[in-house]
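Right, one structure below, let's go through it.
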């Protein structure tokens, strides 16, 4: 179906192809046009229309370019890139101060089927397989760690098949492929729906209780018992280490309306955002979702003669509270937390406190 749409679009657009040298010059030109801190990630996840559309929406991403990579053949075009050994891919230009490579990969995983070695969704063949092309040793290390974490997450019942390979070159796709989802919204929506991509993603990720543990920009870990006793107040220790519960309406953050994020009082893991906070009427700080699903763990709690879902921080192991299914849209969830398990960091202090990647959340659109 995608091929048919391509031929229709090609009737109205002059198709051009760049030489290998020109393709690399174009990458350099894009880099020069952006700031010196810009980084590039090269990723393949099937149809580049879809991958471009999905990743371009991520905060901190400056630009996404569709193209061909991974093969020995020079000067590929849409008509012959597969024969020349290339795959459809995208180059993601991003600001590392606003989004990390780890987080970019986390988003990438959530928009593909990493267990499919024969293509992606309705598009079959090796030129549609998922791949990560690393640009340096650090990207290779992060990519391998991220893939390993995904494989151990329990999300899939099949092994992860996404290849990790060294980047060698990239050729921009023809002009009519760039921003296809913007230029041809009806054709794009029809293709995407017919491919089965969205149906798979909805089924796989609709309940984020088994999210991929991220590889954070800084390491988070649980302090030892002696350090916790010294660092935490008696109430904070009782709540986080002994699964206690503080009094409703008599805690620090239940009525806090300031903008910022809430982190684990023990480990510092970023857990919730004021953007997702609401007044649940319960007297405890309540949120519709975690700031990063990968940093919370949910487990069944059969205490108090009823079954509930406990929420804990992933690395610190702190008891935070419980999640209930009586919350407002868009998630329908109520993450009912203990203030004693949290530390609030106002938006103006995020950079200073080492959470600068979240500043963009509070920038006015």
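Residue numbers (our numbering): 1 to 365.
Cβ atoms here follow ideal geometry from the backbone N, Cα and C, with glycine treated the same way.
**Asked** Where does the unbroken beta strand (DSSP E) through residue 234 begin, and where does it stop?
**Response** Per DSSP, residue 234 belongs to no beta strand (DSSP E); it is in the alpha helix (DSSP H), 234-242.
**Request:** Please classify residue 211: does DSSP put it in a helix, a strand, or coil?
**Result:** The predicted position of residue 211 is uncertain, since its pLDDT is 44 and thus under 50; a value taken from the coordinates is nonetheless stated next. Of the three classes helix, strand and coil, the one that applies to residue 211 here is coil, per DSSP.
**Request:** Determine the burial state of residue 211: buried for a count of at least 16 other Cβ atoms within 10 Å of its Cβ, exposed for fewer.
**Result:** Low local confidence applies: a pLDDT of 44 at residue 211 is under 50, so the model's placement there is unreliable, with the coordinate-based value given in what follows. So residue 211 counts as buried.
**Item:** residue 114 burial status per 10 Å Cβ neighbour count (16 or more: buried)
**Value:** buried
**Request:** Could you check what DSSP says for residue 340 in three-state terms: helix, strand or coil?
**Result:** Looking at residue 340 - three-state DSSP - the assignment turns out to be helix.
**Prompt:** Expressed to the nearest angstrom, what Euclidean distance is found between the alpha-carbon atoms of residue 346 and residue 339?
**Reply:** 15 angstroms
**Item:** Burial state of residue 149, where buried means 16 or more other Cβ atoms lie within 10 Å
**Value:** Residue 149 should be labelled buried.
**Prompt:** Do residue 59 and residue 360 have their C-beta atoms within less than 9 angstroms of each other?
**Reply:** yes
**Message:** Run through the DSSP bridge pairs and tell me what residue 197 is partnered with.
**Reply:** According to DSSP, residue 197 bridges with nothing at all.
**Message:** Tell me the DSSP secondary structure of residue 274 in three-state form.
**Reply:** Residue state, collapsed to three classes: helix.
**Item:** Beta bridge counterpart(s) of residue 261 as assigned by DSSP
**Value:** 273, 345
**Prompt:** Would you call the CB atoms of residue 39 and residue 95 closer than 9 angstroms?
**Reply:** yes
**Message:** Output needed for residue 9: all residues of its chain with C-beta closer than 7 angstroms, excluding positions within five of it in sequence on either side, in chain order.
**Reply:** Per-residue confidence for residue 9 stands at a pLDDT of 46, beneath the threshold of 50, marking its modelled position as unreliable; the derived number appears in the next sentence. Here the set comprises 176, 184.
**Message:** Buried or exposed for residue 186, going by 16 or more other Cβ atoms inside 10 Å?
**Reply:** Answer is exposed; the Cβ neighbour count stays below 16.
**Prompt:** According to DSSP, is residue 31 helix, strand or coil?
**Reply:** A caution first: residue 31 carries a pLDDT of 48, below 50, which makes its placement in the model unreliable, though a value can still be read off. The DSSP-derived three-state label of residue 31 is helix.
**Request:** Would you list the one or two residues that DSSP bridges to residue 291?
**Result:** Partner(s): none; residue 291 has no beta bridge.
**Message:** I need the DSSP call for residue 63, collapsed to helix, strand or coil.
**Reply:** strand
**Asked** From residue 247 to residue 323, what distance separates their C-alpha atoms?
**Response** In this structure, the CA atom of residue 247 is about 17 angstroms from the CA atom of residue 323.
**Request:** Return yes when the Cβ of residue 46 is within less than 9 angstroms of the Cβ of residue 120, no when it is not.
**Result:** yes
**Request:** Determine the direct distance from the alpha carbon of residue 78 to that of residue 263, and round the result to whole angstroms.
**Result:** Distance between the alpha carbons of residue 263 and residue 78: 47 angstroms.
**Prompt:** Looking at C-alpha atoms only, which residue of 52, 57, 348 is the closest neighbour of residue 66?
**Reply:** 52
**Request:** Output the distance between the C-alpha atoms of residue 93 and residue 41, rounded to the nearest integer angstrom.
**Result:** Between the C-alpha atoms of residue 93 and residue 41 there is a straight-line separation of about 7 angstroms.
**Asked** Are the beta-carbon atoms belonging to residue 70 and residue 122 less than 9 angstroms from one another?
**Response** no
**Request:** Consult DSSP for residue 42 and reduce its assignment to one of helix, strand or coil.
**Result:** strand
**Request:** Starting from the Cα of residue 173, find the closest Cα among 229, 124, 82 and give me that residue.
**Result:** Relative to residue 173, the option among 229, 124, 82 whose CA is nearest is 82.
**Status (buried if at least 16 other CB within 10 Å, exposed otherwise) for residue 298** = buried
**Asked** By DSSP, does residue 108 sit in helix, in strand, or in coil?
**Response** helix
**Message:** Measuring straight from C-alpha to C-alpha, what distance separates residue 201 and residue 194?
**Reply:** 14 angstroms
**Message:** Along the chain, where does the alpha helix (DSSP H) containing residue 145 start, and where does it finish?
**Reply:** 137-152
**Message:** Nearest by alpha-carbon distance to residue 64: which of 108, 74, 75 is it?
**Reply:** 108
**Request:** List the whole-angstrom C-beta distance separating residue 222 from residue 266, where the pair is believed to meet the contact cut-off of C-beta under 8 angstroms.
**Result:** 7 angstroms
**Prompt:** According to DSSP, is residue 298 helix, strand or coil?
**Reply:** strand
**Counted within 10 angstroms of its Cβ, other Cβ atoms place residue 141 as buried (16 or more) or exposed** = Around the beta carbon of residue 141, fewer than 16 other beta carbons lie within 10 angstroms, which makes this residue exposed.
**Request:** Leaving aside the five residues before and after residue 321 along the sequence, list all residues of the same chain whose C-beta is less than 6 angstroms from its C-beta, in chain order.
**Result:** 311, 336, 337, 338
**Bridge partner(s) assigned by DSSP for residue 312** = 297, 319
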